[in-house]
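Down below is the structure, laid out as structure tokens.
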Ligand code: NAD
Ligand code: MG
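Numbering (this note's numbering), first residue to last: 69 to 452.
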């Protein structure tokens, strides 16, 4: 039996790489659902190639074009944001690859969990916004949430066979991004094009900026807390510029397990979709004899203040990570449009975190409200 895959965010960096994995393993996987925000042309191309049961184009203005292009097929076409949740409620798939970027991924993922579907989770913002709600529902519905994020996939892989052994701490590795070693006097002048050049990974624009500010690692600390049920002080970040060790787990006896390999998202994507199986492939292999060094250092929290803000959000919990995430989404959006500078992003996030009312144990409704309030406040700071 083939695993029927629903890719939410199929036109993105993760989505397209997942389709490459599926194309290479036609006996293992088939495509059931594809969704895109507004890239109608790529969605049409993907649908013609993979013949899914259904596609969603969120931008309703593009519906007619997609519908017409797929008229000769039996692919069902839906449009609009609410269609994402509708198709997440379908019976006809086995696994959702949650690869939408940002807060927009939360509701469809919750719907899939409610629907009892296994989740391969790339969309870290889902856990940052409402990790307790998401993981509690996953436990109630007995739904596995398998990480796709390379660090969390590494930790997940290190934990296989260790279910009775408590974790002392996890060590999240970070490349440090394109501005490793730089100071604020340099960062103040950084522009979009420069920040989009990541040394080791090719990714969507939002996560690439998050990697340059180290907010990505902050989001990942919170993601790790929820995925692996950790206390904040069990999560450590270490800069490892070569991105060969994808992350590590330290157990109670002090022993540390690491998962390693060349930086290539196809591996964690394939691992999450095929789990518990490993599938052979011809991805390039890491060669120890050709690598002169693997190095490690502490992150510079004074320069990369987003990581300090995220640590505060992790420690305080409640709706603070949700507020931080919303402000960050707005700040990155504005930076990508040259509306604010690189360091302004941190100020917007910090001021929004101070302004919006803290709630210790929010309901899902309260998370959604906090997200909206934080977006409005951040937008007012940026004068959008
Ligand atoms: P991307 O920008 O390349 O793609 C995003 C996808 O989401 C696209 O298909 C787009 O159509 C869709 N989308 C965007 N906004 C939407 C909205 N409002 N409603 C519905 N769909 C929307 O992003 P990406 O780099 O593929 O990242 C996707 C997620 O995976 C992010 O949460 C990111 O943090 C995470 N992730 C990505 C990588 C990577 O290597 N790219 C690695 C680890 C984790
Ligand atoms: Mg990552």
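Cβ atoms here follow ideal geometry from the backbone N, Cα and C, with glycine treated the same way. In this text the structure is predicted, and so the values were computed from the model without any measurement.
4-residue-minimum alpha helix (DSSP H) runs that sit fully inside the stretch 286-362, ordered along the chain: 334-342
What do you reckon, is the C-beta of residue 229 under 7 Å from a heavy atom of ligand 1? no
Going by alpha carbons, who is nearest to residue 409 out of 425, 281 and 431? 281
Could you please give the first and the last residue of the uninterrupted alpha helix (DSSP H) stretch that includes residue 420? 412-423
Please determine whether the Cβ atom of residue 105 lies at a distance below 7 Å from any heavy atom of ligand 1. yes
Would you say the beta carbon of residue 142 comes nearer than 7 Å to a heavy atom of ligand 2? no
Measure from the alpha carbon of residue 358 to the alpha carbon of each residue in 310, 269 and 223, then state which is nearest. 310
Is the beta carbon of residue 72 less than 8 Å from the beta carbon of residue 100? yes
CB-CB length for residue 394 against residue 450, believed under 8 Å: Wrong, their Cβ atoms sit about 13 Å apart, outside the cutoff.
Spell out a yes or no on whether the stretch 256-263 and the stretch 381-393 are touching, meaning 3 or more CB-CB pairs, one atom from each, closer than 8 Å. no
Residue 328: which of 178, 226 and 305 sits nearest, CA to CA? 226
Would a C-beta distance cut-off of 8 Å place residue 125 and residue 108 closer than the cut-off? yes
I need the straight-line Cα distance from residue 116 to residue 137, nearest angstrom please. 9 Å
Residue 166 beta carbon less than 8 Å from that of residue 189: yes
My understanding is that residue 341 touches residue 86, with C-beta atoms under 8 Å, so please give their C-beta distance in whole angstroms. 7 Å
Name the residue from 78, 173 and 255 whose alpha carbon lies nearest to the alpha carbon of residue 371. 255
Inter-residue spacing [alpha-carbon to alpha-carbon] between residue 318 and residue 113: 45 Å
Would a check of beta-carbon distances place residue 161 closer than 8 Å to chain C? This model lacks chain C altogether; it includes just one protein chain.
Would residue 411 and residue 252 qualify as a contact pair, given that the criterion is a beta-carbon distance under 8 Å? yes
Identify the residues that DSSP records as bridge partners of residue 122: which are they? 101 and 144
Using a Cβ-Cβ cut-off of 7 Å (strictly less than) and excluding sequence neighbours within five positions of residue 93, which residues of its own chain qualify? 347
Nearest CA to the CA of residue 224: which residue from 269, 122 and 294? 294
Return the bridge partner residues of residue 215 from the DSSP annotation. 189
Between the alpha carbons of residue 171 and residue 308, how many angstroms are there, rounded? 28 Å
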